[in-house]
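Chains as they are written, first to last, in the numbering used here: chain R, 420 to 938; chain A, 37 to 198.
Heads up, the thing below is written out as structure tokens.
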Amino acid sequence: MNPIRIFISRDAASLSVGSNKIAQAITQEAARRQVQIEIIRTGSRGMMWLEPLVEVETERGRIAYGPVTLEDVSSLFHAGFALGQDNFAFAQDHALCLGRTQDIPFLKSQQRLTFARIGVIDPLNMDQYRAHGGFAGFEAASKIKPVEIIEEVVTSGLRGRGGAGFPAGIKWRTVAAAPGERKYIVCNADEGDSGTFADRMVMEGDPFMLIEGMMIAGLATGATHGFVYIRSEYPDAITTMRAAVELARRAGRLGKAFDIEIRVGAGAYICGEETALLESIEGKRGQVRAKPPLPAHQGLFGKPTVINNVLTLAAIPWILEHGGKNYAAFGAGRSRGTMPFQLAGNVKYSGIHEVAFGMSLREMIFDISGGTASGRPVYAVQTGGPLGAYFPEHLLDTKLDYEAMIAAGGMLGHGGIVVFDDRADIARQARFAMDFCAIESCGKCTPCRIGSTRGVETLDKIAADIDRTRNIALVKDLCAVMTDGSLCALGGLTPMPVISALTHFPEAFTQSPAKPRAE
Amino acid sequence: MNSEETIAIIQSECERARAFLDQKGNPRTALLPILQAIQSQFGYIDKDALPLIAQELNISQAEVRGVVSFYHDFRLEPEGQHVLKLCRAEACQSMGCESLATHMQERHGLLPGQTLPDSSLTFENVYCLGNCALAPAAMLDGKLVGRVNKEWIDQLISGVRR
Ligand SMILES: Cc1cc2nc3c(=O)[nH]c(=O)nc-3n(C[C@H](O)[C@H](O)[C@H](O)COP(=O)(O)O)c2cc1C
Ligand code: SF4
Ligand code: FES
């Protein structure tokens, strides 16, 4: 009999709640019971509240169990969870049994284009990657002219997933047209926004997809060298990406026409800003450059450079394989395709939910995420990372697309959605936004460098009930100066969470003392 | 610090960067990899390494110092034997990381940036570890931890104390 195939994630999030220990315990228990098993370590399915999640292959497909603790392992075997792929039966009566993975509503309601293989295959197994459609996009791209590759990307409507939402095809066209024999593809894997983790999951769960996307970008623009700049807070992603690059070199996919080097950040949020990131690769302080010149004209080492987010580049292989039109068939308004939304913080069902743009925040938070984890009322929602607005309940009908979010005074950013229950102190959150800006400012502009520190002081006075009316006006003034007088979006958008807090949660700035905090 | 070993690290990182870029670009691009390699080897960056780096990359010591001081990761002093980084960003705030930080201070006498008197553990802040769906999150010696609670912290600290 073939060994029974068991799938357990090795994504850093799964490891963080003990998936290695579960894998070990299952191996031991199987040996004790003399059951032949093979454990395949995959990326995560992105249903984080179910981690550690264990899947067993059966005749009906993979059956999921979770969240599994060490104490459950023996009872899972006892209930018959490892009868094998030739068997229809499974441990359906076990309390942790979730049925077929693909039928779990959170997963079933998704449109997984980018995340299709994540949680399914062994991320560093190139044969599995190919068997699941890997490199089909590159092969399609190799058969057409560079301009045609770019046209597919333009047709797809793909916009930058790093936050600014600039059309990827237009950026590529500029770099392709720029003169110069040396050009670069830089992948922005700095993923500094709180509440986001999709880049990390791509790098850990399907690294060849990102490599393939960069190879296609190289073909399209004539770039021969690529860098992936990964934040140092992601050690597992760094290890996996390095291993994947090495495997791709050995397989002859990298190294000749196009090669990739992995670079690691050093704990500076501002290095997610594209020009600061380029400075950092060049070995300098991560200070923002004034634009123009655009990186597309004079980027890394002064050469034409495509700089794209991980998710932008990861969407490329699908687009080339299936055509730009098919990608553009998903989405709403000018936001085409799908987005792996990241449901984080105080939600019952947390994780990755990849769907077409256009669902409302309310549907995402209540229908998909099941409301708060604490069971208390949803009080505030921050989308788009630390520079995103705090939305109150009455704005939750806003649609998740770039323009609709801006129209409501917020932003979609990198697709992170952070939910707070009614114990949140929004005045404290506003203070945190200013404090974060003060900590992470690159120091180039005064409104950002000094203004943020003044903002913290003034918000402290408001909290201490010192001259509230005057100090609230002062914070608003300060925000206007930061918005108008900052070179980049760190100083320029820090006012967004602050002003949204003042506008939508005025009660937070007039009550004292503070409410009891979340435990 | 071992100068020979340091110089070997510097030269090998420079060589790697140059080889990747077919001797194009600017060798200074190796600066962050050099600092990271030195810190991972020795646990911190000894001040005596700075002139060696400056010389090899043909830049001033002030420039090297400027880079070291800009990035939060680099340190010129050794840390505790273990390092606990607690995420203080929004998703973790929504799940109560602030009360964990208060607990660190009240129960264990540690503010962010501080080390236990026996040097067994350094406590630091970090802003997002990409584990926002399993908040509150922390990182212990480079390993991610999810669903952190006070009991876990107490066990950790009583385990590392000497
Ligand atoms: C303060 C700041 C931080 C940023 N952080 C990131 C980041 O972590 N990851 C990212 O992809 N883009 C980040 N960006 C956006 C980049 O500057 C840039 O728009 C992006 O890398 C372009 O790629 P895209 O078009 O594929 O999104 C940041 C921008 C600012 C102003
Ligand atoms: S706004 Fe802040 S982070 Fe951006 S360039 Fe100015 S000082 Fe630097
Ligand atoms: S906000 Fe804490 S891990 Fe992301």
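Quick reminder that beta carbons are idealized off the backbone N, C-alpha and C, glycines included.
Quick caveat, the model's predicted, so the values are computed rather than measured.
Taking the beta carbon of serine 494 (chain R) as the centre, do at least 16 other beta carbons fall within 10 Å, making it buried, or is it exposed? Locating residue 494 (chain R) in the first sequence gives position 75, where the first residue counts as 1. Exposed is the call here.
Which residues of chain R have a Cβ atom closer than 7 Å to the Cβ of valine 162 (chain A), listed in chain order? The sequence position of residue 162 (chain A) within the second sequence is 126, counting from 1. Glu652, listed in chain order.
Three or more beta-carbon pairs under 8 Å between the stretch 757-764 of chain R and the stretch 451-462 of chain R, yes or no? no
What three-state label does DSSP hand alanine 483 (chain R) in the structure shown? On the first sequence, residue 483 (chain R) is found 64 positions in, with the first residue counted as 1. Residue state, collapsed to three classes: strand.
With distances taken between CB atoms, is the gap from arginine 650 (chain R) to glycine 611 (chain R) smaller than 8 Å? Within the first sequence, the letter at position 231 stands for residue 650 (chain R). Within the first sequence, the letter at position 192 stands for residue 611 (chain R). The answer is yes: Cβ separation under 8 Å.
Please identify, using Cβ separations under 8 Å, the residues of the stretch 916-929 of chain R that lie next to chain A, in order along the chain. none
Going by the CB atoms, is the gap between leucine 120 (chain A) and alanine 174 (chain A) shorter than 8 Å? In the second sequence, residue 174 (chain A) corresponds to position 138, counting from 1. In the second sequence, residue 120 (chain A) corresponds to position 84, counting from 1. In this structure, leucine 120 (chain A) lies closer than 8 Å to alanine 174 (chain A) by Cβ.
Report the three-state DSSP secondary structure of histidine 118 (chain A) (helix, strand or coil). Mapped onto the second sequence, residue 118 (chain A) falls at position 82. It is a strand residue.
Short CB-CB distance (under 8 Å) between tyrosine 688 (chain R) and chain A: For the purposes of this step, residue 688 (chain R) is taken as residue 269 along the first sequence, with counting starting at 1. Chain A contact via Cβ: present.
Between which two residues does the alpha helix (DSSP H) carrying methionine 131 (chain A) extend? Counting from 1 along the second sequence, the entry for residue 131 (chain A) is found at position 95. Unbroken run through methionine 131 (chain A): none, as it is neither H nor E.
Contact between the stretch 587-601 of chain R and the stretch 424-436 of chain R is defined here as three or more beta-carbon pairs at a separation below 8 Å; is this criterion met? no
Can you name the start and end residues of the alpha helix (DSSP H) that glutamine 848 (chain R) belongs to? Start at 1 with the first residue of the first sequence, and residue 848 (chain R) comes out as number 429. From DSSP, the alpha helix (DSSP H) with glutamine 848 (chain R) extends over 845-859.
Is glycine 581 (chain R) near ligand 2, going by C-beta to nearest heavy atom under 7 Å? As a position in the first sequence, residue 581 (chain R) is number 162, starting the count at 1. Not under cutoff, so the answer is no.
Shorter than 8 Å from the beta carbon of phenylalanine 159 (chain A) to some beta carbon of chain R? Along the second sequence, read from residue 1 onward, the residue named residue 159 (chain A) stands at position 123. Not an interface residue.
Look at the alpha carbon of alanine 560 (chain R) and the alpha carbon of isoleucine 738 (chain R), and state the distance between them as a whole number of angstroms. One-based indexing of the first sequence puts residue 560 (chain R) at position 141. One-based indexing of the first sequence puts residue 738 (chain R) at position 319. Going from the Cα of alanine 560 (chain R) to the Cα of isoleucine 738 (chain R) covers about 10 Å.
Which of the three DSSP states is assigned to serine 699 (chain R) in this structure? If you number the first sequence from 1, residue 699 (chain R) lands on position 280. Looking at serine 699 (chain R) - three-state DSSP - the assignment turns out to be helix.
Counting only C-beta atoms, is threonine 65 (chain A) closer than 8 Å to chain R at any point? Looking up residue 65 (chain A) in the second sequence gives position 29. Answer yes: the Cβ-Cβ gap between threonine 65 (chain A) and chain R drops below 8 Å somewhere.
Taking the DSSP output, what are the residues bridged to asparagine 727 (chain R)? Position 308 of the first sequence, counting from 1, holds the residue named residue 727 (chain R). Bridge partners of asparagine 727 (chain R): R:Cys606.
Could you check the C-alpha separation between serine 779 (chain R) and glutamine 761 (chain R) for me, to the nearest Å? As a working mapping, residue 779 (chain R) is identified with position 360 in the first sequence. As a working mapping, residue 761 (chain R) is identified with position 342 in the first sequence. Whole-angstrom Cα-Cα distance: 14 Å.
Just checking isoleucine 70 (chain A) against ligand 2 - is the residue's beta carbon closer than 7 Å to any of the ligand's heavy atoms? Walking along the second sequence from the start, residue 70 (chain A) turns up at place 34. No, since every heavy atom of ligand 2 falls outside the 7 Å radius drawn around the Cβ of isoleucine 70 (chain A).
Under 8 Å by Cβ, that's how I've got isoleucine 523 (chain R) and glycine 462 (chain R) pegged, so tell me the actual separation to the nearest angstrom. Your numbering for residue 523 (chain R) matches position 104 in the first sequence. Your numbering for residue 462 (chain R) matches position 43 in the first sequence. About 16 Å separates the two Cβ atoms, so there is no contact after all.
Against chain R: residues of the stretch 90-124 of chain A by CB proximity under 9 Å: Leu93, Ile95, Glu99, Gly102, Val103, Ser105, Phe106, Tyr107, His108, Asp109, Phe110, Lys121, Cys123 and Arg124
Alpha-carbon spacing of leucine 732 (chain R) relative to leucine 629 (chain R), whole angstroms: Counting from one through the first sequence, the residue named residue 732 (chain R) turns up at place 313. Counting from one through the first sequence, the residue named residue 629 (chain R) turns up at place 210. Cα-Cα distance, rounded: 6 Å.
Could you please give me the residues that DSSP links to alanine 751 (chain R) through a beta bridge? Counting from 1 along the first sequence, the entry for residue 751 (chain R) is found at position 332. BP columns for alanine 751 (chain R) point to R:Ser754.
Quick one: what does DSSP say phenylalanine 785 (chain R) is sitting in, helix, strand or coil? Position 366 of the first sequence, counted from the first residue, corresponds to residue 785 (chain R). Helix at phenylalanine 785 (chain R).
Count the CB pairs spanning the stretch 463-472 of chain R and the stretch 768-779 of chain R that are closer than 8 Å, and state whether there are at least three. yes
Please state whether DSSP places asparagine 745 (chain R) in a helix, a strand or coil. Along the first sequence, one-based indexing puts residue 745 (chain R) at 326. In this structure, asparagine 745 (chain R) counts as helix in the three-state DSSP scheme.
Starting from glycine 835 (chain R), follow the beta strand (DSSP E) in both directions and report where the run begins and ends. Indexing the first sequence from 1 puts residue 835 (chain R) at position 416. Element bounds for glycine 835 (chain R): 835-840.
What three-state label does DSSP hand tyrosine 648 (chain R) in the structure shown? On the first sequence, position 229 is the one that residue 648 (chain R) refers to. Tyrosine 648 (chain R): strand per DSSP, three-state reduction.
Are any of the Cβ atoms in chain R nearer than 8 Å to that of phenylalanine 200 (chain A)? As shown, chain A starts at 37 and ends at 198. That puts residue 200 (chain A) outside it, with no answer to give.
Host beta strand (DSSP E) of cysteine 164 (chain A) (start-end): Taking the first residue of the second sequence as 1, we reach residue 164 (chain A) at position 128. Looking at the DSSP string, cysteine 164 (chain A) is not in any beta strand (DSSP E), and its letter there is neither H nor E.
For leucine 86 (chain A), return the contacting residues in chain R, with the cut-off set at a CB-CB distance below 7 Å. Here residue 86 (chain A) corresponds to residue number 50 of the second sequence, with the count starting at 1. Chain R residues near leucine 86 (chain A): none, gap ~14 Å exceeds 7 Å.
Taking the straight line between their C-alpha atoms, what separation do you get for leucine 57 (chain A) and glutamate 126 (chain A)? The sequence position of residue 57 (chain A) within the second sequence is 21, counting from 1. The sequence position of residue 126 (chain A) within the second sequence is 90, counting from 1. Leucine 57 (chain A) and glutamate 126 (chain A): Cα-Cα distance of roughly 39 Å.
Is there at least one Cβ from chain A nearer than 8 Å to aspartate 625 (chain R)'s Cβ? In the first sequence, counting from the first residue as 1, residue 625 (chain R) sits at position 206. Chain A, which has no Cβ nearer than 8 Å to the Cβ of aspartate 625 (chain R), makes this no.
Any heavy atom of ligand 5 closer than 7 Å to the CB of phenylalanine 646 (chain R)? Absent from the structure shown: ligand 5. Ligands present: ligand 1, ligand 2 and ligand 3.
Assuming contact is defined by CB atoms lying nearer than 8 Å, are isoleucine 604 (chain R) and alanine 656 (chain R) in contact in what I supplied? For the purposes of this step, residue 604 (chain R) is taken as residue 185 along the first sequence, with counting starting at 1. For the purposes of this step, residue 656 (chain R) is taken as residue 237 along the first sequence, with counting starting at 1. No, the pair does not count as a contact, with Cβ atoms beyond the cut-off.
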